[in-house]
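Sequences listed follow chains V and U, in order. In this text, residue positions in the first sequence follow my numbering: the first is 190, and each later residue adds one. In this text, residue positions in the second sequence follow my numbering: the first is 22, and each later residue adds one. Backbone N, C-alpha and C define an ideal beta-carbon position, used for all residues, glycine too. Working notes, beginning with the structure itself.
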Amino acid sequence: MLLSVEDFGIEFHDHDKPEKVVEGVSFTLDKGEILGIVGESGSGKSMTALAIAGLLPRKKLIKEGRILFEGEDVLTMERHKLRGLQGDEICMIFQEPMTALNPTMKIGTQVEEALRIHHTDMNDAARKERALKWLKNVELEDPERVYGSYPHQLSGGMRQRVMIAAAMVGEPQLLIADEPTTALDVTVQAQIIKLLQKLNKESKIAILFISHDLSLIRQISHNVLVMQNGHLVEKGAVDDIFEHPVQEYTKKLISAIPKVEL
Amino acid sequence: MLLTLLAVSFIVFAAFEIIPGDAAVSRLGSNATKESVEALRAQMGLDRPFMIRYLSWLAGFVKGDLGTSYSYNMPVSSMILEKLPITITLTIISMILTIGVSIPLSLLIAKYAGSKFDKVSYGVNQFAMAIPSFFLGILMSWFFGMVLKWFSPGGYISYKKNFGGFLSYLILPAIAIAIPKCAMSIKLLRSAILTEAGKDYVRTAYSRGLSTMEVLYRHVLKNAMIPLITFWGMAVADMIAGSIVVEQVFNIPGLGRILLTSISNRDYPVVEAVILLIAFVVLLMNFIVDVLYRVVDPRLRKD
Ligand SMILES: Nc1ncnc2c1ncn2[C@@H]1O[C@H](COP(=O)(O)OP(=O)(O)O)[C@@H](O)[C@H]1O
Ligand SMILES: [Mg+2]
Chain V
190 MLLSVEDFGI EFHDHDKPEK VVEGVSFTLD KGEILGIVGE SGSGKSMTAL AIAGLLPRKK
250 LIKEGRILFE GEDVLTMERH KLRGLQGDEI CMIFQEPMTA LNPTMKIGTQ VEEALRIHHT
310 DMNDAARKER ALKWLKNVEL EDPERVYGSY PHQLSGGMRQ RVMIAAAMVG EPQLLIADEP
370 TTALDVTVQA QIIKLLQKLN KESKIAILFI SHDLSLIRQI SHNVLVMQNG HLVEKGAVDD
430 IFEHPVQEYT KKLISAIPKV EL
Chain U
22 MLLTLLAVSF IVFAAFEIIP GDAAVSRLGS NATKESVEAL RAQMGLDRPF MIRYLSWLAG
82 FVKGDLGTSY SYNMPVSSMI LEKLPITITL TIISMILTIG VSIPLSLLIA KYAGSKFDKV
142 SYGVNQFAMA IPSFFLGILM SWFFGMVLKW FSPGGYISYK KNFGGFLSYL ILPAIAIAIP
202 KCAMSIKLLR SAILTEAGKD YVRTAYSRGL STMEVLYRHV LKNAMIPLIT FWGMAVADMI
262 AGSIVVEQVF NIPGLGRILL TSISNRDYPV VEAVILLIAF VVLLMNFIVD VLYRVVDPRL
322 RKD
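Okay, here's the thing in structure tokens:
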């Protein structure tokens, strides 16, 4: 078992009255597993994902429960220890590939950054070689050119591939993908899903795949969590969830999927 | 650019036509006879009509002849060449202080945004922004010169004699010039840093395991500096123009000083040349600002 989330909750204290946005969430994720989290917008998926990646704001919110990564709680871990995991063991890609990259830094530098932080023994040439390998692995044409480009010179799909390469470069155990295809058009979306599946097979990386889109979740996940209003309402293997949903909410979500797809 | 300079030169010339006073009178003293003044005016060419004088000055300027100073009786170009390094050195030191101090300070303030430290520094900053450089200069030369006796006020060492000594006399005036600019830079940079710090790429940087300081220096700073480029460019032009007053306070014989004496002597070739130089610096800084934008922000480069 790679990740174990136990009775996790978040309460915001940045307004007049405290606001519980996630409550009592428990689940586990095995090595090499693809776990999908599905739920309407505002159901707490991103907050849960950010918490696992150690990216929640440090102020004005209370975190409850435990998030054990390889047995250690990322919620209470010392900062420097958490930073040691980030980019090396746990990586994250986001919904908006257009803004997730630094506009004034070359792609190559950004892809290599995790190596610069975590693999200080590597020299420039080795880092570049590794970065190019990953730019190629994410199926970018002409990796050399992409390496020397700036983000604005690439399309949204290419930037999301760059984000994936930058995440994979440290060869982490867990990739958190929060709505990674929502901002992309349908053909690019399908390519990115295929790419994530390929990486999962080849690198045995566990993926926490978050989407409000049930058909994507069904396509990619081994196991699925259904979230509603900050609560986990149902969890199980992908086929069980889609063929024999137990909860009314899950049934309602599934019946809302357009039937046209093959 | 040329048109701007032409317009500036004409306005300065015209201003001398309008303000009372006469180069010949100021050279001979106010109790000179009418005849001797008239004779000198004829000799200096001041009796010719305004447009003729302007055009002949302009013709000389275009040929690289800036004319001769009335009061010092030496070529304007060599006067300026001698004084220019003083003012430029002063400006460079002030600029280094402004940028060098404002960057780390605003990163520090931004890191602790909202804390007591942030609030106190806001107050200090507002205050520093509001004090004029010349007043700071007077305070500083009184305090360091008269009270602490670190240097003799009014003293100065020529850069030709001893460059180190020359620099040491420029430090205080440079600080006086830099403080208000630095305060303004900190105010602008702090808010630019906070704007950038909320952007998505910063979260991406944190997700790679960077510390706050690494995120600020490696990612945020460069992006936050983009909106500051214009301000810094204008600050350079402002410092050169502002040196007129500060040089007076610290008794530094730079460009500012000759400009003031030349105005009171109605020494218009010198005034023309210095003002054109200042106008040229302003235009040059505009150009440098445009170039710097392209250097710092790849989105503005043509591929
Ligand atoms: N700073 C905040 N203060 C209070 N509530 C917040 C804050 N940030 C997010 N939320 C709330 O947390 C809930 C969960 O958000 P999120 O995890 O982003 O949902 P999802 O990713 O499932 O769409 C939302 O209802 C949102 O309004
Ligand atoms: Mg979300």
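Would you please verify whether the beta carbon of residue i is less than 8 Å from any beta carbon of chain U?
i, result
"His307(V)", "yes"
"Gly225(V)", "no"
"Ala303(V)", "yes"
"Gly273(V)", "yes"
"His341(V)", "yes"
"Asp277(V)", "yes"
"Leu257(V)", "no"
"Asn291(V)", "yes"
"Leu244(V)", "yes"
"Thr370(V)", "no"
"Glu285(V)", "yes"
"Thr288(V)", "yes"
"Met281(V)", "yes"
So, under 8 Å CB-CB, residue i and residue j are touching, yes? Tell me the CB distance rounded to an integer number of Å.
i, j, result
"Asn412(V)", "Leu224(V)", "5 Å"
"Leu191(V)", "Glu261(V)", "Incorrect: roughly 12 Å between the Cβ atoms, too far for contact."
"Ala197(U)", "Val267(U)", "6 Å"
"Tyr93(U)", "Arg48(U)", "Between Arg48(U) and Tyr93(U) the Cβ distance is about 11 Å, and since that is not below 8 Å, they are no contact."
"Ile306(V)", "Gly276(V)", "6 Å"
"Pro201(U)", "Ile130(U)", "17 Å between Cβ atoms; not a contact."
"Ala395(V)", "Leu363(V)", "5 Å"
Taking only beta-carbon atoms, is residue i less than 8 Å away from chain V?
i, result
"Thr282(U)", "no"
"Tyr222(U)", "yes"
"Tyr93(U)", "no"
"Ser232(U)", "yes"
"Thr25(U)", "no"
"Arg315(U)", "no"
"Pro106(U)", "no"
"Pro248(U)", "no"
"Lys243(U)", "yes"
"Asp318(U)", "yes"
"Ser212(U)", "no"
"Thr225(U)", "yes"
"Ser127(U)", "no"
"Ser136(U)", "no"
"Ser47(U)", "no"
Give the single residue among the options whose Cα lies nearest to the Cα of residue i.
i, options, result
"Met306(U)", "Ile114(U), Tyr289(U), Ile250(U)", "Ile250(U)"
"Met287(V)", "Lys220(U), Ser285(U), Leu276(U), Ser98(U)", "Lys220(U)"
"Ser283(U)", "Ile40(U), Trp253(U), Ala44(U)", "Ala44(U)"
"Ile251(V)", "Val435(V), Ala238(V), Thr217(V), Lys209(V)", "Lys209(V)"
"Ser215(V)", "Val358(V), Val422(V), Asp277(V), Lys322(V)", "Val422(V)"
"Met255(U)", "Leu210(U), Ser136(U), Leu304(U)", "Leu304(U)"
"Ile214(U)", "Ile109(U), Ala134(U), Val46(U)", "Ala134(U)"
"Tyr438(V)", "Ser392(V), Trp323(V), Glu333(V), Val227(V)", "Val227(V)"
"Gly419(V)", "Gly213(V), Pro207(V), Asp203(V)", "Gly213(V)"
"Ser98(U)", "Ile309(U), Arg315(U), Phe308(U), Leu297(U)", "Leu297(U)"
"Ser154(U)", "Ile279(U), Ser47(U), Asp139(U), Gln269(U)", "Gln269(U)"
"Val310(U)", "Asn52(U), Val122(U), Trp253(U)", "Trp253(U)"
"Leu22(U)", "Ala300(U), Leu313(U), Val312(U)", "In the sequence as presented, Leu is not what sits at residue 22(U); that position holds Met. When only C-alpha atoms are compared, the closest one is Ala300(U)."
"Ala366(V)", "His433(V), Arg350(V), Asp205(V)", "Arg350(V)"
"Asp259(U)", "Pro96(U), Lys182(U), Ile109(U)", "Ile109(U)"
"Met347(V)", "Thr376(V), Glu360(V), Arg319(V), Leu364(V)", "Thr376(V)"
"Phe201(V)", "Arg319(V), Gly233(V), Glu432(V)", "Gly233(V)"
"Ser127(U)", "Val312(U), Tyr238(U), Leu313(U), Lys181(U)", "Tyr238(U)"
"Ala262(U)", "Tyr314(U), Ser212(U), Val302(U), Trp78(U)", "Val302(U)"
"Lys424(V)", "Gly231(V), Glu432(V), Val415(V)", "Val415(V)"
Between residue i and ligand 3, is the CB less than 7 Å from at least one heavy atom?
i, result
"Ser235(V)", "For the structure depicted, ligand 3 is absent and the ligand set comprises only ligand 1 and ligand 2."
Handout entry: beta strand (DSSP E) runs contained entirely in the segment 245-313 of chain V, provided each spans 3 or more residues
Key = 250-258, 279-282
Practice task
Note down, one range per segment and in chain order, each alpha helix (DSSP H) of at least 4 residues found wholly within the segment 230-315 of chain U.
Solution key: 242-246, 249-271, 276-285
Problem - Stretch pair the segment 398-406 of chain V + the segment 358-378 of chain V: three plus CB contacts closer than 8 Å - result: yes
Practice task
Determine, using beta-carbon pairs with one atom in the segment 182-190 of chain U and one in the segment 225-235 of chain U, whether at least three such pairs fall under 8 Å.
Solution key: no
Problem - At least three beta-carbon pairs within less than 8 Å, the segment 266-283 of chain V to the segment 354-363 of chain V - result: yes
Problem - Touching by the beta-carbon criterion (3+ pairs, under 8 Å), the segment 95-109 of chain U and the segment 264-275 of chain U - result: yes
Handout entry: contact_flag[the segment 65-72 of chain U, the segment 27-46 of chain U] where n(CB pairs < 8 Å) is 3 or more
Key = yes
Practice task
Would you check if there are 3 or more beta carbon pairs closer than 8 Å linking the segment 285-298 of chain U to the segment 86-100 of chain U?
Solution key: yes
Handout entry: Validate contact between the segment 199-216 of chain U and the segment 146-160 of chain U using beta carbons, cut 8 Å, 3 pairs
Key = yes
Exercise for the section: Evaluate contact between the segment 313-320 of chain U and the segment 335-342 of chain V, counting only Cβ atoms and requiring at least three cross-stretch pairs below 8 Å. Expected result: yes
Handout entry: Touching by the beta-carbon criterion (3+ pairs, under 8 Å), the segment 231-249 of chain V and the segment 320-332 of chain V
Key = no
Practice task
Count the C-beta pairs between the segment 377-388 of chain V and the segment 293-308 of chain V that are closer than 8 Å, then say yes if the count reaches three, no if not.
Solution key: no
Exercise for the section: Go through the segment 92-151 of chain U residue by residue and report every complete run of the alpha helix (DSSP H) that reaches 4 residues or more, in order. Expected result: 97-132, 137-151
Practice task
Please list the segments of the beta strand (DSSP E) lying wholly inside the segment 376-413 of chain V, counting only runs of 3 or more residues, in order along the chain.
Solution key: 395-400
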